[in-house]
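K.L.:
Once you've had a glance at the structure underneath, I'll fire off some questions.
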């Protein structure tokens, strides 16, 4: 059982509630000898922080500074656990007292109450997306491990609301709003988000995470297939409701003769498999997609009950994003980085 | 690391190659006092065996009799590991010698070779779907554990090829060919499969697995969310390329105000979340879907290489199914049963 | 693999180096609803802190205040990870620069260098006994879990140097210097420690940890026997070189007819088994003993080499204890508490 | 949680009861490319089988033939799980019906009943020493992995009853009765065992397991120290009540200045640490000792109760050993082999 720990040889344990003193994590199993500083973690945190998404993003301005407490000596990892803490400086607990006795629809209020009997209702507590900052910090270390082996992980948004992009330039998506994979879709998505926000509503989207430079041979059949662990990694992010590998659901609508990737002396002739066969990487690019649900916090009135079971309605106002994209992108990348770096180490490869 | 072991408190370890002496499994963590016989395992195995799928299914007739070696005394489980073995009686190794030196497209031949350096090429070896028989046997024990708590798991096929069903009567799907959820689609799917088979090709489909009678409170945030573990479970089945929870990818195309399930004093007013929020079961039905790729073994000529890298073509004839559905359905059910029974025990519930 | 994480359902991950910014831990799996405050953790830390052992103890005065960062809301655990941090306020790195290029005999300098290639040489870094403060803090939570079930864990010292105690009043040992189990031995041990310290040397001893109020039925055969997990727990404390359950090594010198504990209608007539049979608790008191080696840091001159392999000598002066007892006692208790509380939860018992 | 599974990357799961259909195991994580046959497993099983110990040993003659079911193809491991089964051919259940309703002192009858509510009373069921045959079979594979790296594991008996040996020739102990480490003690131990057996009693002893050819750097601080994992491994063998590393309990009675192993340019000048420091191997020989309790099955009359709580007496006659030594020696070696091979793989070393 892992619960708040992710990984086998490279294990990230996260902790913290949205409005508690701090959030953070402990990354165990990072090889010794990797140059690492707080600035490395900050890169990912800055990409995930509020305000990055332009209109889609919350107004809450949390600095999100990770302080490294252990595992690094003279600028280099020592092989011991790397602990880091991010203080919750902008807590504003008062914003949330109104929802103390209400189950917000689409949130985990009801189920946390059912499971634990008590619950930190402030800003979602542990179920807040704020927890993912610790994943991003840990994921940046995994990214550095992979970089040593020539593996590069990036993401791009293929859909927002129900507006797909053309994905003509995915490698530079991180330079555009919403991690848009082409220039043309940016304005359309901006308009879409503005409209939705003005209506007090929210939208979702689809994010593709890709890894290049992968060696063949990573993955552990039968249950710890590379596909299975990636699905576990991405579906463990709160807003994700679907995961696809390679052709995904469209593979289910294809013929076997067309879905198979032909093998040639120069390598595979296509990559409908998404970079893995039988749970083991094939040396092609890893391609996974995650369906991101619309943020459940909407200003529109919603039907719900109080914690004591009485009918009521709720409007979740305040400083909420209209879409989890693009702030969720670094989180999804982090989960892929952590998964791939774990398999990298499991394969006996070093850094 | 788990590799060939699945689960936390209820752990199934499977072993065996398609054409080795036997396949089987060890189920550890089953509570004592559960009535269990070989006939219980056989129920699942019979549903998974060749010939069940009518036209879709292979001609290979493997009896698949599970023999229990341990963990049961006087008809009742004792709390010790339940080992079971299924002998491989119909091996016919000669059928496979032709593909010894070839990488079959869409199969794991290439990646197993890359990872392990050696490979049991007979019938796919460990990567054969035959391995899933052990999952089914173990899953039947999990099903009995869940039954004690009033949880029932069943599946139905929502799509074959690109032909969707109407899903008017999913509860009785197991009584129809292809686990069809309504009577009308059966003939259409039968024709579809016949045509594809006659063309030497194959198709895939989508299977929905549902659990009724679920208590609220199962699941372990943040990484071991119920959603995450179900995705891991289903994506760990060879042919699965996508997994959705509840509304899945369509949630990504919806508005927050519409995707949230309203809460009423009588319970949730809808189940777009698929029975879980924040990684914890809500007490509603669990709803997960798996995209099943078309079987890669097709009689049509495929471009590939020999193991020494020379260009060649291959036709994979023989006793292959034209679609993994319906034989994959009991496997997907088994994976859901194992996952839910594991969380059942993790919650401290007894049988 | 666990490395810096201990436990199955109740999992303590510790982090931190002796002279890094902080040490601490994350305790995952603690049930919700347990009243908990920083004062609870402090109780154990205060018992472990320097100065508790009278003459045996180091002069370094570290406040060791644990700050809880998560998992507690309104004074009660929420079921989410409990993270705590203990800042390293009294670091004095200058004390240790002299040993930067030397392998101290009996310490982990050589092996950390061999394993990791780099090493935080300040005060032993991760291998410092200071790390155990985090175990004590986590162990106090486990102690509270056990207390809910009526289980009480305490320790007493049965030997110091080679001077055994009479163990006439072990329950009150925590009120005496050295956790002495009778009044008579205190002066003798005090003299012994004074003498050894004056000679620039150190001694070890034997500590017995006992649990009362145990239910029968805890433990998980065959590999996770209660005995095995306790041995793992105690041998994982740096200074421990031997572990015994019940009669221990003396059982090996006894007859079967005399070593067996007779069973009577009133219960077991003796407890040579130490409270467990076949890896499962019998309902009797748990009795385990740990052999604690003399502290390797001695002021006497020791033969060693530099990190580049040249012969040299070293005197490890400074603020070191002359004996790990009594500061190790709360650590050993913590490890037993964590082990028993883990099995408590594994048995499906609640708090 | 592991229960019936041992190890991290190299994982042995065992199953089976003394008088069920079969016992066996599944070894997962063995690297591909290792030549392996059933004869390799048989070597260990033959050393463990009844009759090896001369007078000390039971008359039961179980062939103990391991059949490999998977994981080996054309004489070489494939990286997939290696399952093996040992049929229980000589069951004689009738011998045990007399003890069906009695708790045998020193056995696990009482605690299994307390934990599981049901119990296979035939010959101890799962708690029978027979289970260890599966450990020996799995351990032989681990031994072959270690042999590839030049590591050799052997054992010798240092004490039987309370008669110590001189340990002049431990390397050849396996060629002598009782794994005696010198010629002189053989006759004395033989007389001792004969006498004890004639009295209807039993004795225990102490076994030392040693590994030569170890590299420095194996082990995973802080909880998975090499010492901790070895203690866990050995204390998980039913009859073991104490474990020592290196000087063990005698270290607790020594001075720090004398207990430290001096380091010289030629290596360590002594090995009181038993081959590890700070939980990491030092490159010296691994030295661990296990205290083996006298076999609880004695023909002398013992006080006990029936399962319904009535006072009674029991004589456990039949085909029992008078001492677990030497049959336990291969089991202890197996546990050390499995532990070291696991750390070998965890270090990223290959075979």
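Protein chains in written order, with the numbering used here: chain A, 283 to 633; chain B, 283 to 633; chain C, 283 to 633; chain D, 283 to 633.
All C-beta atoms in this analysis are idealised placements derived from N, C-alpha and C, irrespective of residue type, glycine included.
1) Of all the residues that make up the segment 570-589 of chain D, which are near chain C by a beta-carbon distance shorter than 8 Å?
2) Would you say residue 527/D faces chain G, with C-beta separation under 7 Å as the test?
3) Determine, for residue 402/D, whether the minimum Cβ-Cβ distance to residues of chain B falls below 7 Å.
4) If we require 3 or more residues per run, which beta strand (DSSP E) segments fall completely within the segment 298-333 of chain D?
5) When burial is assigned at 16 or more other CB atoms within 10 Å of the CB, is residue 583/A buried or exposed?
6) With a cut-off of 8 Å on the beta carbons, I'd call residue 489/D and residue 437/D a contact; round off their distance for me.
7) Taking contact to mean at least 3 C-beta pairs separated by less than 8 Å, is the segment 551-564 of chain D in contact with the segment 434-449 of chain D?
8) So, is the C-beta of residue 309/C closer than 7 Å to a C-beta in chain A?
9) Could you round the C-beta distance between residue 358/D and residue 316/D to whole angstroms and report it? I think they count as a contact, below 8 Å.
10) At the 7 Å Cβ level, is residue 379/B part of the contact set with chain D, yes or no?
11) Are there three or more Cβ pairs, one per stretch, closer than 8 Å when the segment 535-544 of chain C is compared with the segment 289-297 of chain D?
12) Locate the alpha helix (DSSP H) running through residue 397/D, then write down its first and last residues.
13) Cutting at 6 Å between CB atoms, please list the residues of its own chain near residue 578/A, excluding the five before and the five after it.
14) Would residue 632/D count as contacting chain A if we go by Cβ distances under 7 Å?
15) Would you give the residue range spanned by the beta strand (DSSP E) that residue 368/D belongs to?
16) Where do the N-terminal and C-terminal ends of the alpha helix (DSSP H) with residue 289/C fall, by residue?
17) Note down, one range per segment and in chain order, each beta strand (DSSP E) of at least 3 residues found wholly within the segment 401-483 of chain B.
18) Only counting runs of 3 or more residues, tell me where the beta strand (DSSP E) segments fall wholly within the segment 538-604 of chain D, in order along the chain.
19) Spatial neighbours of residue 470/A within its chain, please: CB distance less than 7 Å, with the 5 preceding and 5 following residues excluded, ordered by chain position.
20) According to DSSP, residue 355/B sits in a beta bridge with which residue or residues?
21) CB residue 565/B to CB residue 495/B, shorter than 7 Å?
22) Can you name the start and end residues of the beta strand (DSSP E) that residue 526/D belongs to?
23) Residue 492/A bridges to which residues according to DSSP?
24) Can you say whether residue 239/A is buried or exposed, counting buried as having 16 or more other CB atoms within 10 angstroms of its CB?
25) Under DSSP, the alpha helix (DSSP H) around residue 606/B begins and ends at which residues?
26) Please return the same chain residues whose Cβ sits closer than 6 Å to the Cβ of residue 402/D, not counting the five positions on each side in sequence.
27) Within this structure, are the beta carbons of residue 365/D and residue 423/D separated by less than 7 Å?
28) Using the rule of at least 16 other Cβ atoms within 10 Å of the residue's Cβ for burial, across every protein chain shown, is residue 352/D buried or exposed?
29) What are the residues of the segment 431-446 of chain D that lie near chain C, defined by any Cβ-Cβ distance shorter than 8 Å?
30) Does any residue of chain D bring its CB to less than 7 Å from the CB of residue 502/C?
31) Using 7 Å as the threshold, is the C-beta distance between residue 392/C and residue 314/A below it?
32) Can you tell me which of 348/B, 310/B, 304/B and 303/B puts its alpha carbon nearest to the alpha carbon of residue 319/B?
33) Name the residue from 396/A, 450/A, 355/A and 462/A whose alpha carbon lies nearest to the alpha carbon of residue 609/A.
34) Looking only at its chain, what residues have a beta carbon closer than 8 Å to the beta carbon of residue 631/D, apart from the 5 residues adjacent to it on each side?
35) For residue 612/C, I'd like the list of residues in its chain whose CB is within less than 7 Å of its CB, leaving aside the five on either flank, ordered along the chain.
36) So with Cβ pairs under 7 Å, would you call residue 597/C a contact of chain D?
P.N.:
Reading off the structure:
1) Here the close residues are 573, 574, 575, 576, 577, 578, 579, 580, 582, 584, 585, 586 and 587.
2) The chain inventory of the structure shown lacks chain G, comprising the protein chains A, B, C and D.
3) Interface criterion met: the Cβ of residue 402/D is under 7 Å from a Cβ in chain B.
4) Those beta strand (DSSP E) runs which fall completely within the segment 298-333 of chain D and span 3+ residues are 304-310.
5) Within a 10 Å sphere around the beta-carbon of residue 583/A sit fewer than 16 other beta-carbons, which makes this residue exposed.
6) Taking the Cβ atoms as the reference, residue 489/D lies roughly 6 Å from residue 437/D, within the contact range of under 8 Å.
7) Taking a cut-off of 8 Å for Cβ pairs, the segment 551-564 of chain D and the segment 434-449 of chain D do not touch, as fewer than three such pairs fall below it.
8) So, not an interface residue.
9) At roughly 7 Å, the Cβ-Cβ gap stays under 8 Å, so residue 358/D and residue 316/D are in contact.
10) No, because no Cβ of chain D sits closer than 7 Å to the Cβ of residue 379/B.
11) The segment 535-544 of chain C makes no contact with the segment 289-297 of chain D: fewer than 3 CB pairs, one atom from each, lie closer than 8 Å.
12) Under the DSSP assignment, residue 397/D falls in the alpha helix (DSSP H) whose first and last residues are 391-398.
13) Within the same chain, residue 578/A has close Cβ partners 388 and 389.
14) For residue 632/D, the nearest CB of chain A lies under 7 Å from its own CB, placing it at the interface with that chain.
15) Counting along the chain, the beta strand (DSSP E) containing residue 368/D begins and ends at 364-369.
16) Run containing residue 289/C: none; DSSP gives neither H nor E here.
17) Correct list: 434-442.
18) The segment 538-604 of chain D contains these whole beta strand (DSSP E) runs: 568-574, 584-587 and 593-596.
19) Residues of the same chain with a CB within less than 7 Å of the CB of residue 470/A, apart from the 5 flanking positions on each side, are 445 in chain order.
20) Beta bridge pairing from DSSP links residue 355/B with 358/B.
21) Result no, Cβ atoms of residue 565/B and residue 495/B do not sit closer than 7 Å.
22) Run containing residue 526/D: 522-527, per the beta strand (DSSP E) assignment.
23) Partner(s): 436/A and 569/A.
24) No statement about residue 239/A is possible, as the shown extent of chain A runs from 283 to 633 and does not include it.
25) No alpha helix (DSSP H) contains residue 606/B, which DSSP labels as neither H nor E.
26) In the same chain as residue 402/D, and ignoring 5 residues on each side of it, the C-beta atoms closer than 6 Å to its own belong to 299, in chain order.
27) A distance of 7 Å or more separates the beta carbons of residue 365/D and residue 423/D.
28) Label assigned to residue 352/D: buried.
29) Cβ proximity to chain C below 8 Å picks out 441, 443 and 444 from the segment 431-446 of chain D.
30) Yes, contact with chain D.
31) Not closer than 7 Å, so no.
32) Here the closest residue by C-alpha is 348/B.
33) The shortest C-alpha separation from residue 609/A is found at 462/A.
34) Cβ neighbours of residue 631/D beyond the five flanking positions: 431 and 497.
35) For residue 612/C, where only same-chain residues beyond five positions count, the Cβ hits under 7 Å are 326, 329, 330 and 418.
36) It does not: the Cβ of residue 597/C has no partner Cβ on chain D nearer than 7 Å.
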